[in-house]
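S.K.:
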Amino acid sequence: MFDFIVQNLATIIVFTILLVIVAAIIINMIRNKKLGKSSCSCGCKACPMSDTCHSKK
Amino acid sequence: MGNWPGVTVEKKEGKLKKHSDVTITDLPGIYSLSPYTLEEVVARNYLVGERPDAILNIIDGTNLERNLYLTTQLIELGIPVVAAINMMDIVRKNGDKINTDELSRQLGCKIVEISALKSDGILQAAEAAIKAAESGKPVPQHTFSGAVEHAIAHIEEAAVHNLPLEQQRWYAVKIFERDEKILAQLNLSETTLEHIEQDILAAEKELDDDAESIITNERYVYIASLMKACYKKKSVGKLTTSDKIDKIVTNRILALPIFAFAMFLVYYISIGSIGDWTVGFMNDTLFGEWIVPWVASSLDAIGCADWLNGLIADGIIGGVGAVLGFVPQMMILFLLLSILEDCGYMSRVAFIMDRIFRKFGLSGKSFIPMLVASGCGVPGIMASRTIEQDRDRKMTIMTTGFIPCGAKMPIVAFIAGALFGGSAWVATAAYFIGVGAVIVSGIILKKTKAFAGDPAPFVMELPSYHAPVASNIFRATWERGWSFIKRAGTVILAASIIIWVLNSLSFEGGFHYIGEGDSKSILNVIGEWIAVVFAPLGFGNWQAAVATILGLVAKEEVVGVFGSLAGMENMLDLVEMGDLTSQQQAGLLFFGGSKLAGFSFMIFNLLCAPCFAAMGAIKREMNNAKWTWFAIGYMCVFAYAISLIVYHIGLLFGGVFSAWTVIAFILLAALIYLLVRKNKHTA
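Quick note, the sequences are listed as chains A and B, same order. Take the position in the first sequence, starting the count at 1, then add 379; the result is the number in our numbering. Take the position in the second sequence, starting the count at 1, then add 1456; the result is the number in our numbering.
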């Protein structure tokens, strides 16, 4: 097991970094969705209809 | 935000700089407080319902008479009003004079001169509004003629005496006008309504007009007297510079060729010349020669497994890089479109298109969402809610997606670069194919029972031409460009990994990683099933089929798929391509170098169902599952039919005839019939 880790250390580290990045992207996308942030990534501030999604009740 | 009225339909809030206790609410631009348009309803509900401490009424100094109508209504609300006369730089430049002291005296409110474009007087206007809010004294009001005042006094006494004193007059005037929304809000008893009606009828009889017209006329008489006392126009009847430009730009014959030329120039610069060079640098040099080889050799040097090297270098960087490669082109395109918007030209285009759209049953109001959609389809679809008629709004929602949005432009730029030598005509054609699809759909749908009827009237004020403001255009360009980059770093990256995984695994001979093997990947198998559907359109290969389907996630992903697959296929080993650019290599690999197949692919991807985010917007705006599916289905069927017609009639010019050619002609005949058939539903 230890030999396997040593032999594939670079692969494990790079793959872990990649996994963290992808997980961060997915978590961020889910969080944005839950917060009602822009679904189109166009930036709600510039959208003339943003109040539809972000009305302050 | 575009430089034309009707774009902002909602209120926006912000804090005044250096005054953290002052909240400024920006309301949509309106001309009156009548509840006829969505903008008026939004503004009126806020002013009447939430009663701000003060109103800062921004008036266009070059259209003073038209703008003062709203001012007279605002003053009646019983809320302190400060009138800021905007565009004073142009008023002065024209040699016109506004006696603001006299106007202030006659209106009974503070008047400030400003120029929003040059940031002159903005702070003074805000400070004047703060002072007015602190004083809390409602400003005096003008009076109507005797008969009207008599009726209003009766109404105040009978119907609104229980309301705060300063609000009574506005409600009384609205009741006099028989404003249905106000009457419903006040919920007056039948007896009171009958009593009030007698007073209104008496005034109508005496002045020989209906109540609403009486109020409108009397306001304009009052405004005319204000204008006479306070405004001096230097060159009465003479044309301003804007008018002179408009005589050419909005000319009945020249308008459309000028618009076509302007759009060609935009695409020539952004996609064809400078843009083509930037994309060549980004794809071939930056990603092709520098980033991908460096990443691949670095991962190799540290001993990374081949599969991980392939995933990162070919899958992720190939996919994301293919999209990011278009960033400079998109930035140039967004910059040029922002300039056209900011200088006032795009509002003329709405006016020009209204003339054309009206002939085909659509209103110029439908073109505003389409202008917004050239950036992104989602706000474009949402902007359609400014259209009052349900049928016109539904039709606009269905057709707005035809306009090439920013995310579709990489597809256009890719096809132009891969198969047409970066020709600007391809992008120009793509834009006008979108506009053409809107017009054709308008004609076809207006002849059906569900959409029949006259288009809504379209009134808009054309802003004067002015030099674009650098901060405005750079902000607009950055916002659009940044959203493009963000999507590449999120949605496209995730989709690129999925593409790589599905294209690296196979079920053939048991589930396994393909590596250097030649078994069919999962993606390949799925793609081949889907490709059957697209084969009649000329792009029946599995890669193009997968790209089209993944375009539903985000339209940029179409080129992202090509980027990932091109990296994995190691194109240079597959075909003898000589000195071709990476885009040309992709064109050869995915479309066999067929311009017609590539063009058909582009048309289908431009006109078919939009991305999921835009479909969500359609669902929200339609608020009906049946209409949502009808809209998406219509777009797909329309896109399929047009692509099939273009591809097979195009092939005929090359001497290729098949059963599909016959079907293409049948579809063309059906399309022409739907266009020219008699409208049975005209009034």
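Ideal Cβ placement from N, Cα and C applies to all residues, glycine included. Quick caveat: nothing in here was measured; it's all calculated off a predicted structure.
Output needed for B:Leu-1792: all residues of its chain with C-beta closer than 7 Å, excluding positions within five of it in sequence on either side, in chain order.
M.R.: The residues are Val-1722, Ile-1725, Ser-1726.
S.K.: Check the DSSP bridge columns for B:Ser-1571 and list the partner residues they point to.
M.R.: B:Asp-1576.
S.K.: For a cutoff of 8 Å on Cβ pairs, would you count A:Ala-402 as touching chain B?
M.R.: No, its Cβ sits nowhere closer than 8 Å to a Cβ of chain B.
S.K.: Output the residue ranges of the alpha helix (DSSP H) runs that lie fully inside the region 1785 to 1864 of chain B and measure 4 residues or longer, sorted by chain position.
M.R.: As far as the region 1785 to 1864 of chain B is concerned, its whole alpha helix (DSSP H) runs of at least 4 residues are 1801 to 1815, 1823 to 1829, 1833 to 1838, 1846 to 1856.
S.K.: Put B:Tyr-1969 into one of helix, strand or coil per three-state DSSP.
M.R.: In the structure shown, B:Tyr-1969 sits in a strand (DSSP, three-state: E or B).
S.K.: Is any non-hydrogen atom of the ligand COA found closer than 7 Å to the C-beta of B:Trp-1934, if you look at the structure I gave you?
M.R.: Among the ligands in the structure shown, none appear at all, so the ligand COA cannot be discussed.
S.K.: Could you say which of B:Asn-1959, B:Glu-1558, B:Gln-2039, B:Ile-1772 lies nearest to B:Met-1683 if we only look at CA atoms?
M.R.: Residue B:Glu-1558 is the option with its Cα nearest to B:Met-1683.
S.K.: Please state whether the Cβ-Cβ distance between B:Pro-1536 and B:Ala-1589 is less than 8 Å.
M.R.: Yes, they are a contact pair.
S.K.: In the DSSP assignment, find the unbroken beta strand (DSSP E) run with B:Asp-1477 in it and report its ends.
M.R.: Here the beta strand (DSSP E) through B:Asp-1477 covers 1475 to 1482.
S.K.: When you check each C-beta in the region 1832 to 1860 of chain B against every C-beta of chain A, which residues fall closer than 8 Å?
M.R.: Here the close residues are Cys-1832, Gly-1833, Val-1834, Pro-1835, Met-1838, Ala-1839, Arg-1841.
S.K.: Where are the alpha helix (DSSP H) runs, 4 residues long or more, that stay fully inside the region 1620 to 1701 of chain B, in chain order?
M.R.: Qualifying alpha helix (DSSP H) stretches, in chain order: 1621 to 1632, 1636 to 1642, 1646 to 1663, 1667 to 1686.
S.K.: Quick one: what's B:Ile-2141 bridged to in DSSP?
M.R.: Only positions 1457 to 2139 of chain B appear in this structure, which leaves residue 2141 of chain B out of reach.
S.K.: Using C-beta distances below 8 Å, list every residue in its chain close to B:Ile-1773, excluding the 5 sequence neighbours before and after it, in chain order.
M.R.: Hits under 8 Å: Phe-1743, Ile-1747, Val-1748, Val-1751, Gly-2023.
S.K.: Which runs of the alpha helix (DSSP H) spanning at least 4 residues fall entirely within the region 2041 to 2097 of chain B, listed in chain order?
M.R.: Whole alpha helix (DSSP H) segments, 4+ residues: 2051 to 2063, 2068 to 2078.
S.K.: To the nearest angstrom, report how far apart B:Phe-2047 and B:Cys-1861 are at their CA atoms.
M.R.: Roughly 23 Å separates the two Cα atoms.
S.K.: Buried or exposed: where does B:Gln-1624 fall if 16 or more other Cβ atoms within 10 Å of its Cβ makes it buried?
M.R.: Result: buried.
S.K.: Please check if any C-beta of chain B sits within less than 8 Å of the C-beta of A:Thr-390.
M.R.: Judged by the 8 Å Cβ criterion, A:Thr-390 is in contact with chain B.
S.K.: Which one or two residues does DSSP pair with B:Leu-1403 in a beta bridge?
M.R.: In the structure as shown, chain B begins at 1457 and stops at 2139. Residue 1403 of chain B is therefore absent and cannot be evaluated.
S.K.: Ends of the beta strand (DSSP E) at B:Leu-1512?
M.R.: Note, B:Leu-1512: beta strand (DSSP E), 1511 to 1516.
S.K.: According to DSSP, simplified to helix, strand and coil, what is B:Val-2031?
M.R.: Low confidence applies here, because B:Val-2031 scores a pLDDT of 44, under 50, leaving its location unreliable; read the following figure in that light. In the structure shown, B:Val-2031 sits in coil (DSSP, three-state: anything other than H, G, I, E or B).
S.K.: Under DSSP, the alpha helix (DSSP H) around B:Ile-1929 begins and ends at which residues?
M.R.: From DSSP, the alpha helix (DSSP H) with B:Ile-1929 extends over 1926 to 1943.
S.K.: Just mark B:Thr-1434 as buried or exposed, buried being the case when its beta carbon has 16 or more other beta carbons within 10 Å.
M.R.: Outside the displayed span of chain B (1457 to 2139) sits residue 1434 of chain B, for which this structure offers no information.
S.K.: Taking the alpha-carbon of B:Ile-1611 as reference, which of B:Ala-1659, B:Gly-2111, B:His-2137, B:Gly-1592 has the nearest alpha-carbon?
M.R.: Per the Cα distances, B:Ala-1659.
S.K.: Determine the direct distance from the alpha carbon of B:Thr-1842 to that of B:Met-1637, and round the result to whole angstroms.
M.R.: Looking at the sequence itself, residue 1637 of chain B is Lys, so the reference to Met does not match. Roughly 18 Å separates the two Cα atoms.
S.K.: Pull up the DSSP beta-bridge partners for B:Leu-1961, would you.
M.R.: Answer is B:Tyr-1969.
S.K.: Buried or exposed: where does B:Glu-1653 fall if 16 or more other Cβ atoms within 10 Å of its Cβ makes it buried?
M.R.: Classification for B:Glu-1653: exposed.
S.K.: So B:Phe-1813 and B:Phe-1823 are in contact, right, with Cβ under 8 Å, and what is the actual spacing, rounded?
M.R.: That pair is a contact at about 6 Å.
S.K.: So which residues of chain A does B:Thr-1734 contact, with C-beta pairs closer than 8 Å?
M.R.: Within chain A, no residue comes near B:Thr-1734; the closest Cβ sits about 22 Å away, beyond 8 Å.
S.K.: At a CB-CB cut-off below 9 Å, which residues of chain B make contact with A:Leu-397?
M.R.: Going along chain B in sequence order, the residues near A:Leu-397 (Cβ under 9 Å) are Leu-1764, Leu-1767, Ile-1768, Ile-1772, Ile-1953.
S.K.: Straight-line CA distance for B:Gly-1945 to A:Ile-405?
M.R.: Going by the C-alpha atoms only, they are around 11 Å apart.
S.K.: How long is the line joining the alpha carbons of B:Ile-1768 and B:Ser-2038, rounded to whole angstroms?
M.R.: Straight-line Cα distance between these residues: approximately 19 Å.
S.K.: I'd like to confirm the pairing. Which residues does DSSP put opposite B:Lys-1902 in its beta bridges?
M.R.: BP columns for B:Lys-1902 are empty, so no partner.
S.K.: Is it right to say B:Glu-2032 is buried, meaning 16 or more other beta carbons lie within 10 angstroms of its own, or is it exposed?
M.R.: Unreliable placement is indicated for B:Glu-2032, whose pLDDT of 47 sits below 50; the coordinate value is still reported in the next sentence. With fewer than 16 Cβ atoms within 10 Å of its Cβ, B:Glu-2032 is classed as exposed.
S.K.: State the DSSP-derived secondary structure class of A:Asn-443, mapped to helix, strand or coil.
M.R.: Residue 443 of chain A lies beyond the range of chain A shown here (380 to 436); nothing can be said about it.
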